[in-house]
């Protein structure tokens, strides 16, 4: 079995488990598993209003260029209990032999979740646009993603959210599966430290590893 087929098989197993967990949790009777109230300094980012900014590093797995660096920004606004609106912007730049390659992506979406004593299972979907430029040429594409995961409060102020996503840029005919985890630590009422690590299984290309570190301001 090829490496790519193995990646997609792994994704299928993980996605089935994550989506099954999320779907089962959403379907539970509220009397059996009532939503858990949160305090001002509770762990996690779901259901909270915030803006975030972070630094990104992408390991391109030995290709040329070998790495890309950039910034990421996010906005999250609860629409009602169990539903968040989110907007994300990513900017990346890589250089090879004096040529700079730049990619930007702007995306909006929603995240639906349910709060339980053991965690917050969630599903999400988003769509937007991606722009790429380098070597005197530029191109762009519509892009979308769907995903699922669970946010766990592992300590009073610390949360870990493993997730799986499918992403596609239609104009580039590019698909990838992202497997990763988001971490948030509540520093004060207004601030959290946030981090993310993920593995990108890219179809018909080298796989990638992404790392992000930043801060979130709660409003």
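In mature numbering (1 follows the signal peptide of the UniProt record, and there is no 0), the protein residues as written are -27 to -1, 1 to 192.
Even glycine gets a Cβ: it sits at the ideal position worked out from N, Cα and C.
Cβ-based burial, residue i [other Cβ within 10 Å; buried from 16]
i, result
"residue -8", "Only weak support is given to the placement of residue -8: the predicted model assigns it a pLDDT of 49, under 50, and the value that follows is read from those uncertain coordinates. With fewer than 16 other Cβ atoms within 10 Å, it is exposed."
"residue 118", "buried"
"residue 165", "buried"
"residue 83", "exposed"
"residue 179", "exposed"
"residue 153", "buried"
Same chain only: Cβ atoms within 6 Å of residue i, ignoring 5 sequence neighbours per side
i, result
"residue 192", "22"
"residue 28", "186"
"residue 103", "78, 114, 116 and 142"
"residue 151", "138, 171 and 173"
"residue 132", "16, 17, 124, 126 and 157"
"residue 176", "148"
"residue -25", "Because the pLDDT of residue -25 is 42, which lies under 50, any placement of that residue in the model is unreliable, and the question is left without a value."
"residue 183", "31 and 171"
"residue 47", "25 and 61"
"residue 134", "122, 124 and 155"
"residue 80", "61, 99 and 101"
Residue from the options with nearest C-alpha to residue i
i, options, result
"residue 85", "142, 110, 18 and 166", "18"
"residue 41", "56, 63, 53 and 123", "63"
"residue 32", "106, 66, 109 and 147", "66"
"residue 70", "135, 108 and 144", "108"
"residue 74", "39, 128, 178 and 136", "39"
"residue 155", "110, 72, 105 and 188", "188"
"residue 128", "90, 45 and 59", "90"
"residue 72", "110, 96, 45 and 168", "110"
"residue 112", "146, 169 and 49", "146"
"residue 144", "49, 59, 101 and 68", "101"
"residue 195", "169, 167, 76 and 49", "The shown model of the chain, from -27 to 192, leaves out residue 195, and the question about it has no answer."
"residue 95", "80, 136, 68 and 59", "136"
"residue 68", "169, 43 and 59", "43"
Assigned secondary structure, residue i (DSSP; H/G/I helix, E/B strand, else coil)
i, result
"residue 144", "helix"
"residue 183", "strand"
"residue -23", "Its pLDDT being 42, under 50, residue -23 is placed unreliably by the model, and nothing is read from it."
"residue 21", "coil"
"residue 177", "coil"
"residue 113", "strand"
"residue 166", "strand"
"residue 135", "strand"
"residue 27", "strand"
"residue 102", "strand"
"residue 63", "strand"
"residue 70", "coil"
"residue 159", "strand"
"residue 39", "coil"
"residue 33", "coil"
"residue 171", "strand"
Chain-order list of residues whose beta-carbon lies under 7 Å from that of residue i (same chain, five-residue window excluded)
i, result
"residue 14", "130, 159 and 162"
"residue 181", "31, 32, 33, 34, 173 and 175"
"residue 190", "23, 24, 163 and 164"
Same chain, Cβ closer than 8 Å to residue i, five either side skipped, listed in chain order
i, result
"residue 20", "11, 51, 54, 55, 57, 86, 88 and 93"
"residue 98", "82, 83, 117, 118, 119 and 120"
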